[in-house]
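Chemist: Once you know that position 27 of the sequence shown is 27 in full-length UniProt numbering, the rest is easy, because the numbers rise by one and skip nothing. C-beta: ideal position from N, C-alpha, C; glycine also. Fair warning: this is a prediction, and the values are worked out from it, not measured in the lab. Mind having a look at this structure? Questions to follow.
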Amino acid sequence: MKCYVCAEQGKDTDAVAICIVCGMGLCTEHAIREETEVWSGGYPFPAEKVQGTLPRILCPYCYNLMKED
1 MKCYVCAEQG
11 KDTDAVAICI
21 VCGMGLCTEH
31 AIREETEVWS
41 GGYPFPAEKV
51 QGTLPRILCP
61 YCYNLMKED
């Protein structure tokens with residue numbers, strides 16, 4: 001699999017990760033590691049935030065959307 005962002009730029013770079021949100025293949029330059037909160041609880045909404053975080057890989061597009069206020 002190739003990096004989607006690099007392909008848009010006309011480069012041919014192997015992907016080393018996949019965005020957890022959109023599934024886009026990413027190279028080491030474009031993969032963003034983000035620590036995300038973990039919530040526990042029942043349906044339909046989380047009840048409480050669990051202590052600690054989990055690492056997630058995001059593409060630049062999803063990362064920027066998640067950081068908007």
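1) For lysine 11, which of helix, strand or coil comes out of DSSP?
2) Closer than 7 Å by C-beta to methionine 1: which residues in its own chain qualify, once you throw out the five before and the five after it? Chain order, please.
3) Would you mind reading off the limits of the alpha helix (DSSP H) that contains proline 60?
4) Any idea which residues DSSP pairs isoleucine 57 with across the strands?
5) I believe leucine 58 touches isoleucine 32 by the beta-carbon criterion, under 8 Å. Please report the beta-carbon distance rounded to the nearest angstrom.
Modeler: In this structure, then:
1) It is coil, neither helix nor strand.
2) Excluding sequence neighbours, methionine 1 sits near Ala15, Gly25.
3) Start and end: 60 to 67.
4) Note: isoleucine 57 sits in a beta bridge opposite Arg33.
5) The C-beta separation of leucine 58 from isoleucine 32 comes to about 5 Å, placing the pair in contact by the 8 Å criterion.
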